[in-house]
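In our numbering, the protein residues as written are 87 to 392.
Using N, Cα and C, we set each Cβ at its ideal position, and we do this for glycine too.
As structure tokens, the structure follows; a few thoughts come after it.
The following block contains the structure:
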């Protein structure tokens with residue numbers, strides 16, 4: 087037992103020595119980085135603000151809109167400002183200046199809530215109109231992963247446009263982890279946006295999506311190549327999708343110069359790297375099917391043989 091303890095101490099000392107190499111992974115300024123758990127809690131509180139009749143604190147027996155909203159907005163501003171100030175301090179701002187900066191950004195963010203709610207109403211309507219399986223608006227809000235991913239994206243995009251580092255991406259990656267839908271907060275997405283089913287959808291940072299666009303599962307709106315790495319930062323890498331476009335499951339549309347024109351329908355599993363003119367349907371030519379007896383893998387065939 088004594089020998090085991092000694093070995094453990096040696097391992098601990100070796101790891102501590104490794105911490106002293108001063109690499110990016112060795113940084114230990116815990117209070118200059120946002121807290122992921124708090125970011126998730128902020129999203130839950132913001133969901134109550136955006137959809138007051140659907141999500142609320144379960145402990146409330148009486149529902150007073152003004153009082154509840156006042157408490158929620160104060161709570162959100164306080165915690166958001168705290169996380170933002172950590173980021174700004176990590177960028178070199180003095181603590182007092184960082185907090186002032188954070189509060190200003192936090193207020194600017196909250197002022198955008200009515201506009202975000204207006205956009206989400208169009209997204210909700212698009213989901214209901216576009217899916218015959220949708221029984222009600224409430225069903226979409228409670229059960230549709232695409233709606234949740236878009237709700238998080240809309241909020242994260244506001245912070246992105248306010249030039250907030252890191253936090254918007256943490257928000258959308260939380261939605262990604264829950265839904266399998268990866269929308270970068272830098273993407274620009276218009277009204278009446280609907281993601282049906284959703285798993286595996288990827289929307290890159292510089293993607294531009296117009297109004298009344300519908301995506302199915304497995305769609306990638308991505309870059310043609312990322313070999314340039316950081317040299318490509320700030321450049322258009324992802325496609326433009328015009329109004330009234332439907333893109334079916336498994337399709338990939340790639341490249342910053344690629345434009346899918348208004349009213350196009352992009353079929354399943356196509357791979358597009360060039361622009362498509364408006365009102366065009368793009369599909370893969372039907373592949374030939376080969377049918378052969380199932381043989382020993384089929385119980386019915388084995389029974390009929392004997």
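query, result
"What distance in whole Å lies between the Cβ atoms of residue 246 and residue 272, which are believed to be in contact at a cut-off of 8 Å?", "5 Å"
"Determine the DSSP secondary structure at residue 121, reduced to helix, strand or coil.", "coil"
"Quick one: measure Cβ to Cβ for residue 294 and residue 232, integer angstroms, because I've assumed they're closer than 8 Å.", "Not really, about 19 Å apart at Cβ, beyond 8 Å."
"Just to check my reading of the structure: residue 290 and residue 266 have Cβ atoms closer than 8 Å, yes? What is that Cβ distance to the nearest angstrom?", "The pair is not a contact, with the Cβ atoms about 16 Å apart (cut-off 8 Å)."
"Which value, in whole angstroms, describes the spacing of the CA atoms of residue 201 and residue 134?", "16 Å"
"For the pair the region 347 to 359 and the region 322 to 335, tell me if three or more CB-CB distances fall below 8 Å.", "yes"
"By the three-class DSSP mapping on this structure, what secondary structure does residue 107 have?", "coil"
"Quick check on residue 308: does DSSP put it in helix, strand or coil?", "strand"
"Excluding sequence positions up to five away, which residues of its chain have a Cβ less than 6 Å from the Cβ of residue 305?", "287, 333, 337"
"Could you check whether residue 183 and residue 171 sit closer than 7 Å to each other, using their CB atoms as the reference points?", "no"
"Using the Cα positions of residue 299 and residue 325, report the straight-line distance between them to the nearest angstrom.", "14 Å"
"Is the region 247 to 259 touching the region 212 to 229 in the sense that three or more CB pairs, one from each, lie closer than 8 Å?", "no"
"Using the Cα positions of residue 190 and residue 164, report the straight-line distance between them to the nearest angstrom.", "12 Å"
"For residue 112, name the three-state secondary structure that DSSP assigns.", "helix"
"Give me the Cα-Cα distance between residue 131 and residue 124, rounded to the nearest whole angstrom.", "10 Å"
"So what's residue 377 in DSSP terms, helix, strand or just coil?", "coil"
"Cα separation between residue 357 and residue 364?", "17 Å"
"Could you tell me the alpha carbon to alpha carbon distance between residue 195 and residue 91, rounded to whole angstroms?", "52 Å"
"Go to residue 222, then tell me how far its alpha helix (DSSP H) extends in each direction, as first and last residue.", "From DSSP, residue 222 is part of no alpha helix (DSSP H); its letter is neither H nor E."
"Tell me, which residues are paired with residue 287 by DSSP?", "BP columns for residue 287 are empty, so no partner."
"Less than 8 Å between C-beta atoms, sequence neighbours within five positions excluded: which residues of the same chain meet that for residue 95?", "none"
"Do residue 222 and residue 192 have their C-beta atoms closer together than 7 Å?", "no"
"Just verifying my parser: in three-state terms, what is the DSSP assignment at residue 156?", "helix"
"Of the choices 301, 323, 303, whose alpha-carbon is the least far from that of residue 311?", "323"
"What did DSSP end up calling residue 97 once you bin it into helix, strand or coil?", "helix"
"Whose C-alpha, out of 208, 169, 277, is nearest the C-alpha of residue 119?", "169"
"In three-state DSSP terms, what is residue 248?", "coil"
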